[in-house]
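K.L.:
Residue numbers (the numbering used here): 2 to 215.
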Ligand SMILES: [Zn+2]
């Protein structure tokens, strides 16, 4: 599904199996965000195929955080495709998963600040709370915000998983709220489109979910 020029969403909407949404940014370089579960990777392959391309055209895969329903699909990529993950998140994966996490060793450690991929420029924001090293990605040229499992349409990420923290999630959401966003692209569920709809979504989260985040 085309979201806007150069931006495509492969939304996951099976009610019986959990997986994440994947997104493709096409510019001089192709960037895929959150490949999802390995055993459901056909979802991404199918999305790419419909655009007349395939995994070999992806230059960089970025994962928002290290949960299996977001990162397992990394196994389907081969060099020269590069992998990027939050530095803090990878450290957490290593601590928890021991040697097993090394198969996801990133080529690029994401830190707060600007990330340039060819002619594409993103802002990386550290947004912990759902997981300790979650990142969100802001593509200013399209006012598109990839939130992973920090913010959804009318919802927020769980804070009861290892390394989760309600107060931190709230601070992270507050940061995202300050951005100028036309397209809110969450890791699960529907996208939120239009500045006004995005504003109302943050307002709903503040009213409904903030009391639960402490
Ligand atoms: Zn998650």
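No residue lacks a Cβ here, since even glycine has one placed at the ideal position from N, Cα and C.
Determine the direct distance from the alpha carbon of residue 86 to that of residue 110, and round the result to whole angstroms.
P.N.:
Their Cα atoms are separated by approximately 5 angstroms.
K.L.:
Compute every distance between the C-beta of residue 161 and the non-hydrogen atoms of ligand 1, then say whether any falls below 7 angstroms.
P.N.:
no
K.L.:
Thinking C-beta only, is residue 134 closer than 8 angstroms to residue 66?
P.N.:
Cβ atoms of residue 66 and residue 134: closer than 8 angstroms.
K.L.:
Using the Cα positions of residue 55 and residue 91, report the straight-line distance between them to the nearest angstrom.
P.N.:
Whole-angstrom Cα-Cα distance: 27 angstroms.
K.L.:
Which term fits residue 149, buried or exposed, when burial requires 16 or more other beta carbons within 10 angstroms of its beta carbon?
P.N.:
It counts as buried.
K.L.:
Kindly indicate which residue of 201, 137, 167 has the alpha-carbon position closest to the one of residue 34.
P.N.:
137
K.L.:
I'd like to know whether the C-beta atoms of residue 121 and residue 105 end up nearer to each other than 8 angstroms.
P.N.:
no
K.L.:
Could you tell me the alpha carbon to alpha carbon distance between residue 195 and residue 186, rounded to whole angstroms?
P.N.:
11 angstroms
K.L.:
Helix, strand or coil for residue 1, going by three-state DSSP, please let me know.
P.N.:
No answer is possible for residue 1: it lies beyond the span of the chain, which begins at 2 and ends at 215.
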